[in-house]
Amino acid sequence: MRRFNFKKGFWVILITSLINYPVFSLSHAAPILALEKLIEEAKGNNPQIKAAHARWIAANRVAPQARSLPDPKVSVGSPMNIDPMRLQMIGASQEIPFPGKLAVRGKIAVEKAKRAAADFQATCLVVIAQLKRIYYNLYSVNKSIEILQKTLLLLQELEKSAQVNYSVGKVPQQDIFRAQTEIARLDMRLVILKQERESLEADINRLLNRPLDIAIHTPPQLSVTHHRHNLAFLNNLIKQRSPQLKARERSVEQRRQTVKLSKMNYFPDVEIEGGKLHNTVTNNDGYMVNLKATIPLYFMEKQNNGLRESLSRYNAEVEDLHTTYQALLFQVKNAFLVEQRSAKLIELIQGSIIPLATLTFNSSQANYGVGKVDFLTLLNNLLTLQENEIELHNELANHEKAITQIEEITGKLT
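If you want it as structure tokens, here you go:
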């Protein structure tokens, strides 16, 4: 019967103290205040949001212009001939579009403004969703770095222990090589993850319009967003308040008004001109009134084709509306399914896989201490537990990214 190796027992105790990563309850997750602050900063500083807001404000200034009459014209003149009787004339003219045209042009401008408002809301949601997704990816990377660094410390101590045991002939040299190989692999993964962390932090700073080298901190435990909405409720939210769908609806209405305006182009516009005449010889005054009208003489080429163009653009917008609606339905359903899948995986990993992997590792620790388990088995169990921990935090991030995509389309879930 083998005697207990106290040196191995020491390392077993050390490993046990370092490997017990905290497992948290999803139902008691605290809000991420840091993320909320980043979102508020993005709303105030993001250039895309500012540009969309400026376009919205500009679009609101178009309707009053579209409803206004064309500027009047003033004319002053005198005939240039050899007749001693000379006339001097001063007058003004005003173009008046066919009744209803200005109102329709105003409606078109109003719909453009409503489209700009919906685009502004959509831009806000898109930027916030981008920020959240990057933040959750950063959280996942930070947790992976944290877990790998803990495992690296353990492997370094295991390597030292294997070298000591190899020097006295208790373990084969391959144990040392395997430990060194895994240490090198962890170093490689850490190099990659640290580069990803810097890139993600720079991307967040880009969205916030600030220097790219500012560090971004993530919480030690990610909050999990819970909602009890079913898919039918989410689909109804798309119809009610999706800015992307609202923007398409406004485009359809704008094109409908454009078709109406194209039909009105068959009717003439008029121009009223009035003036005062003065005879410099007789010193008499007279008055002149003219009425001019546009004749759609070339309607076969102009108005007919203009109407067909408007109808085709209207039909295209209707099809784009249907395409957008179907795409949003798919995106919400896909995100809903991913959210459900991640919730189940989180429960499974946290409630079953990690506890079982921990028991397996603890058992291999005890058996390794008395020589019943070899070094490679202990190492494999350690790495399995490590990957399970990383997978848990990856699924937490995936869950929140799925919720983020739903909110990007439907707005904030309450």
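Each step along the sequence shown adds one to the number in the numbering used here, with nothing skipped, and position 97 is 115.
Note that CB positions come from ideal geometry on N, CA and C, so glycine has one too.
message = Please return the same chain residues whose Cβ sits closer than 7 Å to the Cβ of residue 339, not counting the five positions on each side in sequence.
response = Locating residue 339 in the sequence shown gives position 321, counting from the first residue. Taken in chain order, the residues that qualify are 266, 267, 270.
request  = Take residue 193 and list the residues in its own chain whose beta-carbon comes closer than 6 Å to its own, dropping the five residues that flank it on each side.
outcome  = As a working mapping, residue 193 is identified with position 175 in the sequence shown. So the qualifying residues of the chain are 180, 393.
inquiry  = Let me confirm a value: residue 250 is counted as buried when at least 16 other C-beta atoms fall within 10 Å, else exposed. Which label applies?
reply    = Here residue 250 is taken as the residue at index 232 of the sequence shown, counted from 1. Residue 250 comes out exposed.
inquiry  = If I measure Cβ to Cβ from residue 360 and keep anything under 7 Å in the same chain, skipping five residues before and after, which residues do I get?
reply    = In the sequence shown, the residue the question calls residue 360 occupies position 342. Only 413, 416, 417, 420 meet the Cβ criterion.
query = Bridge partners of residue 296, per DSSP?
reply = As a position in the sequence shown, residue 296 is number 278, starting the count at 1. In the DSSP output, where bridge partners are listed per residue, residue 296 has 106, 303.
ask   = Among 310, 134, 143, 53, which residue has its Cα nearest to the Cα of residue 79?
value = In the sequence shown, the residue the question calls residue 79 occupies position 61. Looking at the Cα atoms, 134 is the closest of the given residues.
query = When burial is assigned at 16 or more other CB atoms within 10 Å of the CB, is residue 305 buried or exposed?
reply = Against the sequence shown, residue 305 aligns to sequence position 287. Residue 305 is exposed by the Cβ-count criterion.
inquiry  = With distance defined between alpha-carbon atoms, name the residue in 234, 198, 154 nearest to residue 242.
reply    = The residue given as residue 242 occupies position 224 in the sequence shown. Nearest of 234, 198, 154 to residue 242, Cα basis: 154.
inquiry  = Less than 7 Å between C-beta atoms, sequence neighbours within five positions excluded: which residues of the same chain meet that for residue 116?
reply    = Residue numbering aside, residue 116 sits at position 98 when the sequence shown is read from its first letter. Closer than 7 Å at the Cβ level, and outside the excluded window around residue 116, lie 282, 285, 286, 287.
message = Are the CB atoms of residue 114 and residue 289 within a distance shorter than 8 Å?
response = Position 271 of the sequence shown, counting from 1, holds the residue named residue 289. Position 96 of the sequence shown, counting from 1, holds the residue named residue 114. Going by C-beta atoms, residue 289 is nearer than 8 Å to residue 114.
message = For a test of the three-state rule: what should DSSP assign to residue 288, helix, strand or coil?
response = Within the sequence shown, residue 288 is the residue found at index 270, counting from 1. Of the three classes helix, strand and coil, the one that applies to residue 288 here is strand, per DSSP.
request  = Given a cut-off of 8 Å, decide if residue 263 and residue 343 are closer than it, judged by their beta-carbon atoms.
outcome  = For the purposes of this step, residue 343 is taken as residue 325 along the sequence shown, with counting starting at 1. For the purposes of this step, residue 263 is taken as residue 245 along the sequence shown, with counting starting at 1. Their beta carbons are under 8 Å apart, which means residue 343 touches residue 263 by this criterion.
key: Euclidean distance between Cα positions of residue 388 and residue 178   = Numbered from 1 along the sequence shown, position 370 holds the residue referred to as residue 388. Numbered from 1 along the sequence shown, position 160 holds the residue referred to as residue 178. C-alpha separation (whole angstroms): 18 Å.
ask   = Near residue 52, which residues of its chain fall below 7 Å by C-beta distance, leaving aside the five closest residues on each side in sequence?
value = As a first step, residue 52 must be located in the sequence shown, where it is residue number 34. Excluding residues within five positions, the ones whose Cβ falls inside 7 Å are 235, 237.
query = Hey, residue 298 and residue 106: beta-carbon distance below 8 Å or not?
reply = Looking up residue 298 in the sequence shown gives position 280. Looking up residue 106 in the sequence shown gives position 88. It is a contact, given that the beta carbons lie within the stated cut-off.
message = Is residue 388 close to the ligand HEM? I mean its beta-carbon at under 7 Å from any heavy atom of the ligand.
response = With respect to the ligand HEM, the structure shown offers nothing to examine, as it has no ligands at all.
message = I need the straight-line Cα distance from residue 310 to residue 331, nearest angstrom please.
response = For the purposes of this step, residue 310 is taken as the residue at position 292 of the sequence shown. For the purposes of this step, residue 331 is taken as the residue at position 313 of the sequence shown. Each residue's alpha carbon lies about 33 Å from the other.
inquiry  = Using a 10 Å radius around the Cβ and a threshold of 16 neighbouring Cβ atoms, would you call residue 196 buried or exposed?
reply    = Numbered from 1 along the sequence shown, position 178 holds the residue referred to as residue 196. When all chains shown are included, residue 196 counts as buried.
query = If you run the structure through DSSP and keep just helix, strand and coil, what is residue 311?
reply = Against the sequence shown, residue 311 aligns to sequence position 293. Strand, per DSSP.
query = Short check: CB of residue 137 to CB of residue 70, under 8 Å?
reply = As a working mapping, residue 137 is identified with position 119 in the sequence shown. As a working mapping, residue 70 is identified with position 52 in the sequence shown. Yes. Within cutoff.
Beta bridge counterpart(s) of residue 112 as assigned by DSSP = For the purposes of this step, residue 112 is identified with residue 94 of the sequence shown, where counting begins at 1. Paired residues: 290.
inquiry  = For a test of the three-state rule: what should DSSP assign to residue 11, helix, strand or coil?
reply    = Because the chain in this structure spans residues 19 to 432, residue 11 falls outside the shown range and cannot be described.
ask   = Does the Cβ-Cβ distance between residue 145 and residue 60 come in under 8 Å?
value = Indexing the sequence shown from 1 puts residue 145 at position 127. Indexing the sequence shown from 1 puts residue 60 at position 42. In this structure, residue 60 lies closer than 8 Å to residue 145 by Cβ.
query = On the three-state DSSP scale, how would you describe residue 24?
reply = Taking the first residue of the sequence shown as position 1, residue 24 is located at position 6. Low local confidence applies: a pLDDT of 38 at residue 24 is under 50, so the model's placement there is unreliable, with the coordinate-based value given in what follows. Residue 24: helix per DSSP, three-state reduction.
inquiry  = Report the start-end ranges of each alpha helix (DSSP H) in the region 324-372 that is 4 residues or longer and not cut off at the edges.
reply    = none
task = For residue 371, I'd like the list of residues in its chain whose CB is within less than 7 Å of its CB, leaving aside the five on either flank, ordered along the chain.
result = Your numbering for residue 371 matches position 353 in the sequence shown. The residues are 406.
inquiry  = For a test of the three-state rule: what should DSSP assign to residue 125, helix, strand or coil?
reply    = To locate residue 125, count along the sequence shown from 1; it is residue 107. Looking at residue 125 - three-state DSSP - the assignment turns out to be helix.
message = I'd like the span of the alpha helix (DSSP H) that includes residue 317, first residue to last.
response = Residue mapping note: residue 317 aligns to position 299 of the sequence shown, counting from 1. Note, residue 317: premise wrong, no alpha helix (DSSP H); not H, not E.
query = With a CB to CB cut of under 7 Å and the five nearest residues on each side skipped, what residues in its chain are close to residue 223?
reply = Your numbering for residue 223 matches position 205 in the sequence shown. These residues qualify, in order along the chain: 229, 230, 232.
ask   = Pick from 149, 244, 168, 215: whose alpha carbon is nearest that of residue 3?
value = Any question about residue 3 goes unanswered here, given that the chain covers just 19 to 432.
query = Taking C-beta to C-beta, are residue 85 and residue 124 nearer than 8 Å?
reply = The residue labelled residue 85 in the question sits at position 67 within the sequence shown. The residue labelled residue 124 in the question sits at position 106 within the sequence shown. Yes, they are a contact pair.
task = From the DSSP output, in three-state form, read off residue 261 for me.
result = Counting from 1 along the sequence shown, the entry for residue 261 is found at position 243. In the structure shown, residue 261 sits in a helix (DSSP, three-state: H, G or I).
query = Which residue's Cα is closest to the Cα of residue 352: 248, 74, 312?
reply = To locate residue 352, count along the sequence shown from 1; it is residue 334. With distances taken between Cα atoms, residue 352 lies closest to 248.
request  = Have a look at residue 46 and residue 165 and give me their C-alpha separation to the nearest angstrom.
outcome  = Stepping through the sequence shown from its first residue, residue 46 is reached at position 28. Stepping through the sequence shown from its first residue, residue 165 is reached at position 147. Because the pLDDT at residue 46 is just 36, under 50, the model does not fix this residue reliably, and the value given afterwards should be weighed accordingly. Distance between the alpha carbons of residue 46 and residue 165: 22 Å.
inquiry  = Measuring only the C-alpha atoms, how far is residue 121 from residue 324?
reply    = What you label residue 121 is simply residue 103 of the sequence shown in a count that begins at 1. What you label residue 324 is simply residue 306 of the sequence shown in a count that begins at 1. Cα to Cα, residue 121 sits roughly 19 Å from residue 324.
ask   = Of the choices 202, 56, 398, whose alpha-carbon is the least far from that of residue 219?
value = On the sequence shown, residue 219 is found 201 positions in, with the first residue counted as 1. For the residues 202, 56, 398, the minimum Cα distance to residue 219 belongs to 56.
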